[in-house]
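In what follows, a structure is listed as structure tokens, so that the remarks can point back to it.
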Amino acid sequence: MRVELTEVFSHDEHRDVSLTELAELSGLSEAELQELVDCGAIVPAVSHSEQRIFRATCIVAAKTASRLRNDFELDVQGIAVALTLLDRIHELEADLRDLRAQLPRWIR
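First residue of the sequence shown: 652, per this note's numbering; consecutive thereafter.
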């Protein structure tokens, strides 16, 4: 029997983190995170200053990116594609839930 342990992570949605903090929390290097930002896979809340600021929701994306790198040995471009596709899947699942909620109960 295989048991997988999952790290439980709680975050304050209104908390902002710096690139350095994001690197520490995710296990990715600042250079890897910067490449993901350049690819558009992780978007900072504030990027006009020298110090980029990220919303707490980016921590989840960065941790996912770290797992993708470690588990599948993906390079940064592969991680960016995977994150984009995972984000799209979540959007489509939410849309599907909304549409199902609008259907009459007897059709579901």
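C-beta: ideal position from N, C-alpha, C; glycine also.
Rounded straight-line distance, which links the Cα of residue j to that of residue i
i: P695; j: L719; result: 20 Å
i: R758; j: Q728; result: Here residue 758 turns out to be Ile, not Arg, going by the sequence shown. Going by the C-alpha atoms only, they are around 42 Å apart.
i: D726; j: A674; result: 16 Å
i: L734; j: L684; result: 13 Å
i: V654; j: H699; result: With a pLDDT of 47 at V654, under the threshold of 50, the modelled position of this residue cannot be trusted; read the value that follows with caution. When rounded, the distance between both Cα atoms is 44 Å.
i: E701; j: C690; result: 18 Å
i: R703; j: D722; result: 28 Å
i: E658; j: L750; result: In this predicted model, E658 has a pLDDT of only 48, less than 50, meaning its place in the structure is not dependable; the value taken from the coordinates is given anyway. Each residue's alpha carbon lies about 32 Å from the other.
i: L754; j: H741; result: 20 Å
i: E724; j: A716; result: 11 Å
i: L679; j: R739; result: 23 Å
Where residue i sits in the DSSP three-state scheme
i: D726; result: coil
i: R751; result: helix
i: R756; result: coil
Cβ separation of residue i and residue j, assumed to be a contact under 8 Å, to the nearest whole Å
i: L736; j: A713; result: The Cβ separation is near 16 Å, so there is no contact.
i: V731; j: L670; result: Note that residue 731 corresponds to Ala in the displayed sequence, not to Val. Between L670 and A731 the Cβ distance is about 16 Å, and since that is not below 8 Å, they are no contact.
Contained beta strand (DSSP E) runs [length at least 3] in the region 659-717, N- to C-terminal order: Here the runs fully enclosed are 667-669 and 704-706.
The region 731-749 / the region 696-709 touching (three or more Cβ pairs under 8 Å): The way I'd put it, the region 731-749 doesn't touch the region 696-709; fewer than three beta-carbon pairs between them come closer than 8 Å.
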